[in-house]
Amino acid sequence: MLNRDLTDYNQLNRTPFHMPGHKRQNLTGVDLPYEKDYTEVEGLDDLHHPEGILKAAMERTAAMYGVDRTWYLVGGSTVGNLAGLYALAPYGSEVICTRVMHRSILHGLMLAGYRVHYVMPDYVEELGCYGGVRAEAVKEILKRYPQSKAVILTSPTYEGILSEVDKIVEIAHAAGIPVLVDEAHGSHLDVHFQNGERSDFPKGAVSAGADVVIQSTHKTLLGLTQSAWMHLQGNLVEAERIDEALDIFETSSPSYILMNSLDACTDYIQKEGKALFNQWKKHLQSVEECGKAFHNLELKVYNAQRDGYQKDPSKILIYEKHGRLSGYEIATRLREIYAIETEMATENYCLAMTGPGDTQSSYVLLLNALKEMDATLDQMKEKTIDLCQAVPQLSGGDAVRYSLAEASHMPKENVMLKACKGRICGEEVFCYPPGIPLVLPGEEISEDMAAYLCDLEAQGKLRHGKKHPDNSITVIKETDSDAKDLDGILRG
4 MLNRDLTDYN QLNRTPFHMP GHKRQNLTGV DLPYEKDYTE VEGLDDLHHP EGILKAAMER
64 TAAMYGVDRT WYLVGGSTVG NLAGLYALAP YGSEVICTRV MHRSILHGLM LAGYRVHYVM
124 PDYVEELGCY GGVRAEAVKE ILKRYPQSKA VILTSPTYEG ILSEVDKIVE IAHAAGIPVL
184 VDEAHGSHLD VHFQNGERSD FPKGAVSAGA DVVIQSTHKT LLGLTQSAWM HLQGNLVEAE
244 RIDEALDIFE TSSPSYILMN SLDACTDYIQ KEGKALFNQW KKHLQSVEEC GKAFHNLELK
304 VYNAQRDGYQ KDPSKILIYE KHGRLSGYEI ATRLREIYAI ETEMATENYC LAMTGPGDTQ
364 SSYVLLLNAL KEMDATLDQM KEKTIDLCQA VPQLSGGDAV RYSLAEASHM PKENVMLKAC
424 KGRICGEEVF CYPPGIPLVL PGEEISEDMA AYLCDLEAQG KLRHGKKHPD NSITVIKETD
484 SDAKDLDGIL RG
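Counting along the sequence shown from 1, when you hit position 467 you're at 470 in my numbering, and nothing is skipped either side.
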């Protein structure tokens, strides 16, 4: 185990005339693990050229998932998404990508110069959020754009909704192209315990046969924040390309503290994970059962087959049935009255994110708070909030005027949000959380979207890819030379 290897190294008592400057001494007096903060010296291996203890650690994790190779990541799933996209297909290729994506996927697409054909996920009216991508939708896009070199998905979503990854992988592999899945919220789905049994959570992208899968261990397992890993299986993506990409995008000074947490996570989940996950499942079932007695609040934990979508039960979605409280208001009450901090909220719901580290007392506290809140709402007869207008339909490609790479190099200017209708967006614009882009660079801004952006700005919920004055947005500059050759702009 990596922690034992690092402890053994400390016992060698070698005097460090090398980085880091603190020399493993706690001079600040702050409770930080200086004694386990190393650099790449003899015996401690090198993450970018692993041959020793780090290679062995990553092989242990690969075995836990049953994949060909695993890379430890110290830049979160963000660096995995950037590197995975860089390695996925030749520069400038046509690719198929879900329109609901994390910003790091957007940036990876931009840096790779890909020509993107967006596939729209379902909008789940019952949940008030976008869900998974259907296999038929990917099949249709691939039929229209047969030169596409890869498929890129996000599954599960922030809310825990899974795409039909297994069927999509079949379609893509039949066409000879790989599938990359941003599974940042699904590191717990496909783990195998020491006895060989798989977790009871829904099957994830690894089980579905996806070629490249990126997971954030700090989100749903036991890794420290910023720790993640990336898996490779099959022969449609070269491991050497991923090595090259990580050399470009990941720090050359990876944190041994983060890498230690990744190996410790693997070791603990393999040895103790079955009991831990069984307890986790038991708690989630209790939440589901308790929610059935509520009059005003509604809890979405598990989902029935008839619902038409598959959901990871570790994400608890909390709704007020009668529109009297928004998700923001639910989150505020939980925080200020009951000292419970939830993951995120929207107008429609509040998301309580669970993990293997939650204790029984944590669940009791949450359920007691929700019971009390539900009873209090019996006294609230009138609607007290104005819900934000519905999210306009995200562009499925019809609004794209320039590719992401083209738009990133074009001259830009700022205009007031109220005047952005019909302009070509020059930045990513999103509502945070969850950080999903509403408008992408190179897309024309529709009238409905312009109104929605103004609404979000008024509520303080709009986020931009660039810093500029309030109530404004970055757009492609309109000039007399708009018609000039874009290749010339990119060379310019």
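Backbone N, C-alpha and C define an ideal beta-carbon position, used for all residues, glycine too. All values reported here derive from a predicted model rather than from experimental measurement.
For the segment 299-334, which segments carrying the beta strand (DSSP E) assignment without a break, of at least 3 residues, lie completely within its bounds, in sequence order? The segment 299-334 contains these whole beta strand (DSSP E) runs: 300-303 and 318-323.
Residue of 260, 430 and 383 minimising C-alpha distance to residue 405: Residue 405 sits at position 402 when you count from the first residue of the sequence shown. If we check each option's Cα against that of residue 405, 430 comes out closest.
Rounded to a whole number of angstroms, what is the C-alpha to C-alpha distance between residue 284 and residue 18? Position 281 of the sequence shown, counted from the start, is the residue given in the question as residue 284. Position 15 of the sequence shown, counted from the start, is the residue given in the question as residue 18. Pairing residue 284 with residue 18, the inter-Cα distance amounts to about 48 angstroms.
By how many angstroms is the C-alpha of residue 299 removed from the C-alpha of residue 389? On the sequence shown, position 386 is the one that residue 389 refers to. On the sequence shown, position 296 is the one that residue 299 refers to. Legend: pLDDT at residue 389 = 49, less than 50; position of this residue unreliable, value from coordinates given subsequently. Going by the C-alpha atoms only, they are around 18 angstroms apart.
Applying the 10 Å Cβ sphere with the 16-neighbour rule, what's the burial state of residue 220? Reading the sequence shown from its first residue, position 217 is the one you call residue 220. Buried: at least 16 other Cβ atoms inside 10 Å.
Mapping the DSSP letters down to three states, classify residue 295 as helix, strand or coil. Against the sequence shown, residue 295 aligns to sequence position 292. Residue 295 falls in the coil class under three-state DSSP.
Residue(s) in a DSSP beta bridge with residue 356: As a first step, residue 356 must be located in the sequence shown, where it is residue number 353. Bridge partners of residue 356: 318.
Rank 466, 203 and 482 by C-alpha distance to the C-alpha of residue 416 and give the top, closest one. Taking the first residue of the sequence shown as position 1, residue 416 is located at position 413. The closest CA to that of residue 416, considering only 466, 203 and 482, is found on 482.
From 376, 191 and 341, pick the residue whose C-alpha is nearest to that of residue 360; which is it? Within the sequence shown, the letter at position 357 stands for residue 360. When only C-alpha atoms are compared, the closest one is 191.
Own chain residues within Cβ distance below 6 angstroms of residue 197, not counting five before or after: Counting from one through the sequence shown, the residue named residue 197 turns up at place 194. These residues qualify, in order along the chain: 273 and 274.
Exposed or buried, what is residue 159 when buried is set at 16 or more other beta-carbons lying within 10 Å of its beta-carbon? Translated into the one-based positions of the sequence shown, residue 159 becomes position 156. Classification for residue 159: buried.
From the DSSP output, in three-state form, read off residue 235 for me. Mapped onto the sequence shown, residue 235 falls at position 232. DSSP places residue 235 in strand when its eight states are reduced to three.
Pop quiz: residue 397 and residue 445 are said to be a contact at Cβ under 8 angstroms. What is the actual Cβ separation, rounded to whole angstroms? For the purposes of this step, residue 397 is taken as the residue at position 394 of the sequence shown. For the purposes of this step, residue 445 is taken as the residue at position 442 of the sequence shown. Rounded, the Cβ-Cβ distance is 14 angstroms, inconsistent with contact.
What residue range is occupied by the uninterrupted alpha helix (DSSP H) comprising residue 364? Counting from one through the sequence shown, the residue named residue 364 turns up at place 361. Annotation for residue 364: the continuous alpha helix (DSSP H) segment containing it runs 363-380.
Residue 215 and residue 183 - do their beta-carbons sit closer together than 9 angstroms? Along the sequence shown, read from residue 1 onward, the residue named residue 183 stands at position 180. Along the sequence shown, read from residue 1 onward, the residue named residue 215 stands at position 212. Taking 9 angstroms as the Cβ cut-off, residue 183 and residue 215 qualify as a contacting pair.
Alpha-carbon spacing of residue 367 relative to residue 373, whole angstroms: Position 364 of the sequence shown, counted from the first residue, corresponds to residue 367. Position 370 of the sequence shown, counted from the first residue, corresponds to residue 373. C-alpha separation (whole angstroms): 10 angstroms.
Note down, one range per segment and in chain order, each beta strand (DSSP E) of at least 3 residues found wholly within the segment 56-132. Counting whole runs of 3 or more residues, the segment 56-132 contains the beta strand (DSSP E) stretches 72-76, 97-101 and 118-122.
Tell me which same chain residues have a C-beta within less than 8 angstroms of the C-beta of residue 477, skipping the five on either side of it? For the purposes of this step, residue 477 is taken as the residue at position 474 of the sequence shown. Take residue 477, set aside five residues on each side of it, and the residues of its chain with a beta-carbon closer than 8 angstroms to its own are 415, 416, 417, 428, 429, 430, 467, 468, 469 and 471, in chain order.
For the beta strand (DSSP E) that contains residue 157, what are its first and last residues? To locate residue 157, count along the sequence shown from 1; it is residue 154. Counted as a single uninterrupted DSSP element, the beta strand (DSSP E) harbouring residue 157 occupies residues 154-157.
State the start and end residues of the unbroken beta strand (DSSP E) segment that holds residue 457. Counting from one through the sequence shown, the residue named residue 457 turns up at place 454. Run containing residue 457: none in the beta strand (DSSP E); it sits in the alpha helix (DSSP H), 450-461.
Within 8 angstroms, do at least three Cβ pairs link the segment 106-119 to the segment 63-76? The segment 63-76 is not in contact with the segment 106-119.
Look at residue 70 and residue 235 and say whether their C-beta atoms are less than 9 angstroms apart. Here the question's residue 70 lines up with position 67 in the sequence shown. Here the question's residue 235 lines up with position 232 in the sequence shown. Cβ atoms of residue 70 and residue 235: closer than 9 angstroms.
Since residue 174 is in the alpha helix (DSSP H), which residue starts that stretch and which ends it? Stepping through the sequence shown from its first residue, residue 174 is reached at position 171. 168-177 is the extent of the alpha helix (DSSP H) around residue 174.
Rank 312, 455, 324 and 282 by C-alpha distance to the C-alpha of residue 302 and give the top, closest one. Taking the sequence shown and counting its residues from 1, one reaches residue 302 at position 299. Residue 302 has its Cα closest to that of 324, out of 312, 455, 324 and 282.
Tell me the DSSP secondary structure of residue 201 in three-state form. As a working mapping, residue 201 is identified with position 198 in the sequence shown. DSSP places residue 201 in strand when its eight states are reduced to three.
Alpha carbon of residue 137 to alpha carbon of residue 443, nearest angstrom: Residue mapping note: residue 137 aligns to position 134 of the sequence shown, counting from 1. Residue mapping note: residue 443 aligns to position 440 of the sequence shown, counting from 1. Taking the straight line from one Cα to the other gives about 22 angstroms.
Could you name the residues of the same chain whose beta carbon sits closer than 7 angstroms to that of residue 178, not counting the 5 residues immediately before and after it, in chain order? Within the sequence shown, numbered from 1, the residue matching residue 178 stands at position 175. The beta carbon of residue 178 lies closer than 7 angstroms to those of 145 in the same chain, with the five residues before and after it left out.
Opposing strand residues paired with residue 440 [DSSP bridges]: The residue you call residue 440 lines up with position 437 of the sequence shown. Looking at the DSSP assignment, residue 440 forms a beta bridge with 433.
Less than 8 angstroms between C-beta atoms, sequence neighbours within five positions excluded: which residues of the same chain meet that for residue 93? Residue 93 sits at position 90 when you count from the first residue of the sequence shown. Excluding positions up to five away in sequence, the list reads 152.
Ranges of the alpha helix (DSSP H) found wholly within the segment 10-58, counting only runs of at least 4: Secondary structure within the segment 10-58: not one fully enclosed alpha helix (DSSP H) run of 4 or more consecutive residues is present.
Would the beta-carbon of residue 47 fall within 9 angstroms of that of residue 41? Counting from one through the sequence shown, the residue named residue 47 turns up at place 44. Counting from one through the sequence shown, the residue named residue 41 turns up at place 38. Contact flag set, yes.
Short of 6 angstroms in beta carbon distance, which residues of its chain neighbour residue 2, apart from the five on each side in sequence? Order them along the chain. Missing from the structure shown is residue 2; the chain here goes from 4 to 495 and no further.
Along the beta strand (DSSP E) that carries residue 180, what are the first and last residues, could you check? Along the sequence shown, read from residue 1 onward, the residue named residue 180 stands at position 177. Residue 180: not part of any beta strand (DSSP E); DSSP gives it neither H nor E.
Check whether residue 347 and residue 337 have beta carbons under 9 angstroms apart: Position 344 of the sequence shown, counted from the first residue, corresponds to residue 347. Position 334 of the sequence shown, counted from the first residue, corresponds to residue 337. No, the pair does not count as a contact, with Cβ atoms beyond the cut-off.
Do residue 440 and residue 104 have their beta-carbon atoms positioned less than 9 angstroms apart in this structure? Along the sequence shown, one-based indexing puts residue 104 at 101. Along the sequence shown, one-based indexing puts residue 440 at 437. It is a contact, given that the beta carbons lie within the stated cut-off.
Roughly how many angstroms lie between the CA atoms of residue 6 and residue 256, to the nearest whole one? One-based indexing of the sequence shown puts residue 6 at position 3. One-based indexing of the sequence shown puts residue 256 at position 253. Just so you know, the alpha carbons of residue 6 and residue 256 end up roughly 18 angstroms apart.
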